[in-house]
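For the sequence shown, the working numbering puts the final residue at 320, and the numbers step up evenly by one.
Just so it is clear, CB atoms sit at the ideal spot from N, CA and C, and this is done for glycine as well.
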Amino acid sequence: MFDALADRLEAAWKKLRGQDKISQSNIQDALREVRRALLEADVNLQVVKEFISEVEAKAQGAEVIAGVRPDQQFIKIVYDELVQVMGETNVPLVQAQNPPTIVLMAGLQGTGKTTATAKLALHLRKIDRTCLMVATDVYRPAAIEQLVTLGKQIDVPVFEMGSDADPVEIARLGVERGRAEKFDTVIIDTAGRLQIDADMMAELARIKEVVQPHETLLVVDAMTGQEAANLTRTFHEQIGITGAILTKLDGDSRGGAALSVRRISGAPIKFVGVGEKVEALQPFYPDRMASRILG
Ligand code: GDP
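Structure (structure tokens):
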């Protein structure tokens, strides 16, 4: 496991071999390699710094376990820490005591928010939870059509009022419909912009206030790399997120954004998107992601 990291740590290990303790002086080269691996996996720089100092604190003074190579022991410490920071286990979607569970989707345009809305609805449908999707992106009429088309494809109804209505009102009435018709979950797709802007945030905040969602999920494109950290910080500070969906993990990305998102918001990543198809959604598992990040 972690052959790539093990290879690059090869030189650093020479200093660890034959030592009976992992100490500050014999670990520096190894930490530098881990730092480089994390940066290459697109973990945010500040997050990397904090992570490295935590690993250093954990590793220092660790007795080398008899029969275990210190390099393997060190990799285990790094891996365990990664898994721990990312939350250890999968955190499922919240389920409201009094349905419908209301899920608000947030994120920039192009991240895969609308696709993720349909993916989530299909996922829930497969476990016998009825879903209503609500289309509030009135700025891009194509987004409403996209959701309607996806809805037909997966046999999940869509509440929409065209592109002349007020998004906050659409969300409110969508939830009302969901409640009246006893849907189990209402998922609200919202407008995204190419960049964060004040109007978008204000509108999202108003929708959130009106519908009082049980989940506010930030959709983050794994290919965003370093920027995922700033994005998460802004959304979390201004809207407050309860979880995230990391999309486009079928691409080249090593998934370092997962670490940044979790670290910065404290909110768990609940699902990952692994393709354009509506079935391409998987629960997020911290251990699998840790392996991927370490390479
Ligand atoms: P939105 O603007 O955030 O609603 O984004 P869309 O849902 O319209 O998705 C933007 C593009 O990304 C579309 O071409 C999707 O097919 C694609 N996409 C969404 N999720 C994934 C994913 O997990 N993997 C890949 N490869 N493409 C995705």
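Checklist entry - How long is the line joining the alpha carbons of Gly132 and Lys138, rounded to whole angstroms? => result Gly132 and Lys138 have their C-alpha atoms spaced approximately 7 Å apart.
In the DSSP assignment, the alpha helix (DSSP H) including Glu228 goes from what residue to what residue? That run of the alpha helix (DSSP H) goes Ala223 to Val236.
Three or more C-beta pairs below 8 Å linking the segment 272 to 287 and the segment 171 to 184: no
(Q) Contact between the segment 205 to 224 and the segment 139 to 148 is defined here as three or more beta-carbon pairs at a separation below 8 Å; is this criterion met? (A) yes
Roughly how many whole angstroms lie between the Cα atoms of Glu240 and Glu81?
When rounded, the distance between both Cα atoms is 35 Å.
Inset, instruction - Report yes or no: do three or more beta-carbon pairs, one from the segment 215 to 230 and one from the segment 181 to 200, lie closer than 8 Å? - result: yes
* To do: Starting from the C-beta of Gly281, find all residues in its chain whose C-beta is less than 7 Å away, skip the five residues before and the five after it, and write them out in chain order.
  => Leu63, Ala66, Asp67, Val68 and Ile318
request  = Return the Cβ separation of Lys295 and Gly268 in integer angstroms, given the expectation that the two are a contact with Cβ distance under 8 Å.
outcome  = 4 Å
* To do: With DSSP as the reference, please indicate the residues paired to Leu129 in a beta bridge.
  => Ile213 and Thr241
On a Cα-Cα basis, can you pick out the residue from Glu304, Val297 and Ser316 that is closest to Glu116? This sequence places Val at residue 116; Glu is not what is there. Selected option, being the one with the closest Cα: Val297.
Which one or two residues does DSSP pair with Thr267 in a beta bridge? In DSSP, Thr267 forms no bridge with anything.
Extract the residue ranges of the alpha helix (DSSP H) inside the segment 138 to 178, only unbroken runs of 4 or more that lie entirely within it. 138 to 151
- Sorry if obvious, but does the Cβ on Leu133 come closer than 8 Å to a heavy atom of the ligand GDP? Leu133 Cβ: within cutoff of the ligand GDP.
Phe99 and Leu34 closer than 9 Å at C-beta: yes
Quiz prompt | Where Thr272 sits in the DSSP three-state scheme | solution = strand
For Gly86, the first and last residue of its enclosing beta strand (DSSP E)
Looking at the DSSP string, Gly86 is not in any beta strand (DSSP E), and its letter there is neither H nor E.
Run the proximity test for Asp214: is its beta-carbon closer than 8 Å to any non-hydrogen atom belonging to the ligand GDP?
-> yes
_Measuring only from the beta carbon, is Val299 closer than 8 Å to any heavy atom that is part of the ligand GDP?_
Flag set: Cβ of Val299 near the ligand GDP.
#### Entry: Inter-residue Cα distance where the pair is Thr114 and Ala91
30 Å
Would you identify the three-state DSSP class for Phe296, choosing helix, strand or coil? strand
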